[in-house]
Amino acid sequence: MAKETIDKLAKALAETLPEGLRSVREDLEKNFRSVLQGGIGKLDLVTREEFEVQQAVLARTREKLDALESRLAGIETKKPAKKKTAKKKSAKKKTASKSKTE
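Residue numbers (my numbering): 11 to 112.
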């Protein structure tokens, strides 16, 4: 998270303090900033740029997967028809050669 964002958030938190604590506002704002930076530092976050790059990679991968699935579906629908035809032809040849020898 950008330092400016953390500073704005720390300042907003300090401004919400009751009037009695306004005298220690600067110290509390520094503490808020430190706590926010420490907490965010512990999180496993990526930058917006890294996220957008991975998003683009995922989109390309999905497109390729869709194309491959379409190709596979086309191949699967064509192959069984060819196999059945080939089996029928070989079966006809076998019965024809049996009848010739008999």
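Every residue gets a Cβ at the ideal spot worked out from N, C-alpha and C, and that includes glycine.
Where the alpha helix (DSSP H) through residue i begins and ends
i, result
"VAL45", "35-52"
"THR15", "13-25"
Proximity of residue i and residue j at Cβ, strictly below 8 Å
i, j, result
"LEU38", "LEU53", "no"
"PHE42", "ALA12", "no"
"LYS35", "ALA24", "Looking at the sequence itself, residue 35 is Arg, so the reference to Lys does not match. Yes, the Cβ-Cβ distance between ARG35 and ALA24 is below 8 Å."
Reduced DSSP category for residue i - H, G, I as helix; E, B as strand; rest coil
i, result
"LEU31", "helix"
"VAL56", "coil"
CB-CB length for residue i against residue j, believed under 8 Å
i, j, result
"ILE85", "LEU46", "About 56 Å separates the two Cβ atoms, so there is no contact after all."
Closer than 7 Å: residue i CB and nearest the ligand SAM heavy atom
i, result
"GLU36", "This structure lacks the ligand SAM; in fact it carries no ligand of any kind."
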